[in-house]
Amino acid sequence: MKAELAAILEGYGLDAVVVAGMSSHNPSMNYFTGSNMFTKAYVVIPRGGEPILFYRTMERDTAAKTGMKRMGIETLPGGEILGSDGSPVRNGEAATLRRVLIAAGVERGTVAFSGRFEFGAFFAAVEAFRKAFPEYTVDAELGDKALADARYQKDESELAAIRSMGEVVTGIVEKINTFIRECRVKDGKLVTRSGEPVRIGEIKRMINLMLTEAGAENPEGTIFSIGRDAGVPHNAGNDEAQVEAGKTIVFDFFPCRESGYFFDFTRTWYIGTPPQWLQEAYDRVRQVHHEIVAFAKAGKIASELQDKTCDLFEEMGYETIRKDAKCTNGYVHSVGHGLGLNVHEPPFMRGKDPKSSELRPGTVFTIEPGLYFPDGDVPFGIRLEDTFYIDENGDARYFAPYPYQLGIDVPPYETA
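My numbering numbers the first residue of the sequence shown as 20 and each following residue consecutively.
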């Protein structure tokens, strides 16, 4: 949480963190500026002080919307910036870094950087800064680590942003489910009522249009995979393929709001009446999902959730990646991951370090057990995923509940 930044910086021995770059898909910047868009800005977080936004004059109105303490870059004291040896600093970015640090009251000490920028140019700027101003010690790694620690536990405003995104996601999922129900099945494949083929790419385009209308976006894409493709966890599906009945459909959907906060959600569907063996496999995944939700409590280490998931599936007779890291049939995936301004962030479910893997109030994470069988006579995949947070009582809570149902009844196509 932002309230812990001073203690986090002190723990790492940092006097300041500088966040730089544009705001678009820049989690470190979005953490402070929210959905406000900047083509280039800096946020300086001095240890023990309030974060300060440094903006360009043409973006002053946007800066005002953040509510942050702020200063215009062009209003900072001008003139030639001299290095400690008295020579002019020729790298403009390095000179600006010096200006914003001085304006933030950080005249020396250990400084780290984070953000999104053109690597080569910014690396050159940091090297020029390091050489020109030896009174600063530059740390190459701790900026991202410090902000990751702050972001690990979400405050109420962050939880609200994720919940809002979850409501958008489940609303769109329901619309896609309704669209499928209103289609028809012809020769084992999905068609519109007029008989036009329904392809996976069309489903994805519908999703993206709905997201745009809701003020959200889909930078990571959508998984809508069928049959054998559903048996490979991160196979996104073939956009040119027609949606088929009689095969599992893994629909994994992970968009974000303009504020940058993601939501991750998966349901598995089957057009038609599922055979008993498939329904039983689905019910086992649902049982594991239910047990892991109950097991996830404050104080648990994330890897305990993965171990518990492997225990449950192994007791059911399935192979797991704990038994065989090369396993491709059975439980071959992690049970979840942290989520926030990145769709994948700590805690990671194989992590054992309490600092980055302990579930605490405000920790946001997914629970997504699955079974995957891409080989065999009837290849299939099943995954059920929801996003959760740990509440003040230490329990895992849903952001946006949605029903679990494998079969989707779709009438046969009939010619007029």
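Beta carbons: idealized from backbone N, C-alpha and C, even for Gly.
Closest to residue i by C-alpha separation, out of the options, would be which residue?
i           : options            : result
residue 126 : 134, 117, 133      : 117
residue 432 : 76, 210, 164       : 210
residue 274 : 176, 340, 283, 174 : 283
residue 71  : 375, 220, 79, 61   : 61
residue 76  : 59, 66, 87, 67     : 59
residue 213 : 204, 232, 409, 24  : 204
residue 329 : 74, 310, 393, 318  : 310
residue 91  : 69, 26, 115, 260   : 115
residue 247 : 373, 395, 179      : 395
residue 31  : 297, 164, 120, 145 : 164
residue 306 : 386, 316, 317      : 386
residue 429 : 293, 89, 74        : 293
residue 398 : 410, 296, 367      : 296
residue 434 : 215, 300, 54, 180  : 215
residue 237 : 302, 151, 44, 168  : 44
residue 172 : 341, 362, 22       : 22
residue 302 : 331, 277, 362, 217 : 331
residue 315 : 366, 343, 342, 286 : 366
residue 374 : 81, 320, 234       : 320
residue 405 : 97, 181, 93, 54    : 181
residue 105 : 151, 139, 142      : 151
Over the uninterrupted beta strand (DSSP E) stretch that includes residue i, give me the two end residues.
i           : result
residue 243 : 241–245
residue 382 : Element bounds for residue 382: n/a, residue is neither H nor E.
residue 390 : 389–392
residue 61  : 60–65
residue 301 : It is not in any beta strand (DSSP E) - residue 301 instead sits in the alpha helix (DSSP H) that spans 295–314.
residue 417 : 415–417
residue 40  : 35–40
residue 400 : 399–402
residue 208 : 208–210
residue 374 : Looking at the DSSP string, residue 374 is not in any beta strand (DSSP E); the run it does join, the alpha helix (DSSP H), is 373–376.
residue 405 : 405–409
residue 203 : 203–205
Going by the CB atoms, is the gap between residue j and residue i shorter than 9 Å?
i           : j           : result
residue 170 : residue 48  : no
residue 35  : residue 64  : yes
residue 360 : residue 279 : yes
residue 267 : residue 249 : yes
residue 223 : residue 258 : yes
residue 418 : residue 185 : yes
residue 122 : residue 95  : yes
residue 230 : residue 187 : yes
residue 413 : residue 380 : yes
residue 389 : residue 352 : yes
residue 333 : residue 348 : no
residue 147 : residue 110 : yes
residue 162 : residue 33  : yes
residue 317 : residue 409 : yes
residue 232 : residue 421 : no
residue 73  : residue 108 : no
residue 178 : residue 383 : yes
residue 207 : residue 265 : yes
residue 251 : residue 153 : no
residue 29  : residue 79  : no
residue 391 : residue 423 : no
residue 168 : residue 340 : no
So residue i is in the alpha helix (DSSP H); what residue range does that whole segment cover?
i           : result
residue 46  : 46–52
residue 364 : Per DSSP, residue 364 belongs to no alpha helix (DSSP H); it is in the beta strand (DSSP E), 364–367.
residue 188 : 175–200
residue 119 : 111–122
residue 24  : 24–31
residue 231 : 219–232
Could you tell me how far apart the beta carbons of residue i and residue j are, in whole angstroms, since I believe they sit closer than 8 Å?
i           : j           : result
residue 426 : residue 289 : 5 Å
residue 129 : residue 85  : The Cβ separation is near 27 Å, so there is no contact.
residue 195 : residue 219 : Their Cβ separation, rounded to whole angstroms, is 12 Å, which puts residue 195 and residue 219 out of contact at 8 Å.
residue 355 : residue 364 : Not really, about 12 Å apart at Cβ, beyond 8 Å.
residue 144 : residue 99  : Rounded, the Cβ-Cβ distance is 17 Å, inconsistent with contact.
residue 20  : residue 42  : In fact, because the Cβ distance is near 21 Å, the residues do not count as touching under 8 Å.
residue 407 : residue 312 : 7 Å
residue 308 : residue 378 : Incorrect: roughly 17 Å between the Cβ atoms, too far for contact.
residue 376 : residue 322 : 6 Å
residue 183 : residue 286 : Contact flag wrong, Cβ pair sits at about 20 Å.
Note down, one range per segment and in chain order, each alpha helix (DSSP H) of at least 4 residues found wholly within the segment 132–170. If we require 4 residues or more, the alpha helix (DSSP H) runs fully inside the segment 132–170 come out as 138–151.
Minimum length 3: unbroken beta strand (DSSP E) runs contained in the segment 320–351: Counting only runs of at least 3 residues, the segment 320–351 fully encloses no beta strand (DSSP E) element at all.
What are the complete alpha helix (DSSP H) segments, minimum 4 residues, inside the segment 73–101? Runs of the alpha helix (DSSP H) inside the segment 73–101: 79–85.
Enumerate, from N- to C-terminal direction, the unbroken alpha helix (DSSP H) stretches of 4 or more residues contained entirely within the segment 252–301. Positions of the alpha helix (DSSP H) runs, each at least 4 residues long and wholly inside the segment 252–301, cannot be given because no such run exists.
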